[in-house]
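S.K.: For the sequence shown, the numbering used here begins at 1446 and goes up steadily by one. C-beta: ideal position from N, C-alpha, C; glycine also. This structure is in structure tokens; I'll ask about it shortly.
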Amino acid sequence: EDKIKTAPDQFGRDAAEVLKEQIEIKYANRVLLHVGLCITFYDFISIGDPYLYPSEGSAIQIVRFRMVVFRPFVGEIITGRLVSSGREGLKISTEFFEDILIPAALLQAPCVYNPVDGLWTWKYGEPENDFLMDIGEEVRFKVRTLTFTQLSSSVKGLTATTTSETGNDAGASASSSAGGPGPALRRRSSSMGLSPDDEIPAVMQIIGAMNDFGLGLISWW
1446 EDKIKTAPDQ FGRDAAEVLK EQIEIKYANR VLLHVGLCIT FYDFISIGDP
1496 YLYPSEGSAI QIVRFRMVVF RPFVGEIITG RLVSSGREGL KISTEFFEDI
1546 LIPAALLQAP CVYNPVDGLW TWKYGEPEND FLMDIGEEVR FKVRTLTFTQ
1596 LSSSVKGLTA TTTSETGNDA GASASSSAGG PGPALRRRSS SMGLSPDDEI
1646 PAVMQIIGAM NDFGLGLISW W
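And the structure:
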């Protein structure tokens, strides 16, 4: 639900179309805290009557609407593309979302990092079976953790409060064997102060895993 403004020069157009455009401008490609990445407008639930503020020429309406949102669930399998590689692991992009990290500890084992070319290699058995993880390759990974970070400022500086959702492995096994909907979740929050030199964390980040059958480069399977 939001208050949407329609400028006077738009009064002659279809009201619903103008409202849709304003919603797209404000929300499309924007990450909302604890919601996800807004992709596009979906539909209206209700549109309130327009009203004017004193000395305000625009019409303002209270609008309830739905958006198509990207917010993967823990345990979901996603495909993306490998965009960078380092000692800490891999960074993945889905072309519309890029804050995806695969930590080194969650790659297929055993994996070895080459500091010369900056790439990881899955050492699968004999040397001729080594699988290089090259930049630009299409990959498949499982969502391990979903985090949302909110920034707040005070006289001491910026504080980042992060809420994470992580799959409970024991709960996941129990749910799967019982035919349940999916893994049980553990939610936790933490706060930390940021110095001027610290990188501003992403509002939403996905921590993925590639250490299971069928995961990693799609060309492997």
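Can you find the residues in the same chain that come closer than 6 Å, C-beta to C-beta, to Gly1481, ignoring five residues on each side of it along the sequence?
M.R.: So the qualifying residues of the chain are Val1514, Phe1515 and Arg1516.
S.K.: If you compare alpha carbons, which of Ala1549, Glu1571 and Asn1574 is closest to Trp1565?
M.R.: Of Ala1549, Glu1571 and Asn1574, the residue nearest in Cα terms is Ala1549.
S.K.: Considering only DSSP beta bridges, list what Gln1650 is partnered with.
M.R.: Thr1592, per the DSSP bridge assignment.
S.K.: Would you kindly work out how many angstroms separate the C-alpha atoms of Ile1545 and Ala1554, rounded to a whole number?
M.R.: Their Cα atoms are separated by approximately 20 Å.
S.K.: Of the choices Arg1532, Ser1636, Ile1537 and Ala1647, whose alpha-carbon is the least far from that of Gly1581?
M.R.: When only C-alpha atoms are compared, the closest one is Ile1537.
S.K.: Whose CA, out of Phe1576, Val1584 and Phe1510, lies closest to the CA of Pro1471?
M.R.: In the sequence on display, residue 1471 carries Lys and not Pro. Of the listed residues, the one whose Cα sits closest to Lys1471 is Phe1510.
S.K.: For the region 1452-1464 against the region 1516-1530, are there 3 or more C-beta pairs whose distance is under 8 Å?
M.R.: Judged by Cβ distances under 8 Å, the region 1452-1464 makes no contact with the region 1516-1530, as fewer than three pairs qualify.
S.K.: Quick one: grab the DSSP three-state call for Lys1536.
M.R.: Strand, per DSSP.
S.K.: Can you give me the C-alpha to C-alpha distance between Lys1465 and Thr1451, rounded to a whole angstrom?
M.R.: Those two C-alpha atoms are separated by around 11 Å.
S.K.: Starting from Glu1571, follow its DSSP beta bridges and name the residues at the other end.
M.R.: BP columns for Glu1571 are empty, so no partner.
S.K.: Out of Ser1598, Thr1594 and Ile1449, which one is the CA nearest neighbour of Phe1489?
M.R.: Nearest option by C-alpha distance: Ile1449.
S.K.: Determine the contact status of Pro1646 and Thr1611, defining contact as a CB-CB distance below 8 Å.
M.R.: In this structure, Thr1611 does not lie closer than 8 Å to Pro1646 by Cβ.
S.K.: If we count the other Cβ atoms within 10 Å of its Cβ and call it buried at 16 or more, is Ser1622 buried or exposed?
M.R.: The predicted model places Ser1622 with a pLDDT of 39, which falls under 50 and marks its position as unreliable, so this point remains unresolved.
S.K.: If you draw a straight line from the alpha carbon of Met1649 to that of Val1476, how long is it in whole angstroms?
M.R.: Looking at the two C-alpha atoms, the distance is approximately 7 Å.
S.K.: Buried or exposed for Ser1530, going by 16 or more other Cβ atoms inside 10 Å?
M.R.: Label assigned to Ser1530: buried.
S.K.: Let me check understanding here. Comparing Cα to Cα, which of Leu1591, Thr1590 and Ala1605 lies closest to Ser1597?
M.R.: The residue with the shortest Cα to Cα distance from Ser1597 is Ala1605.
S.K.: Indicate the three-state DSSP secondary structure (helix, strand or coil) for Ser1640 in the structure shown.
M.R.: DSSP places Ser1640 in coil when its eight states are reduced to three.
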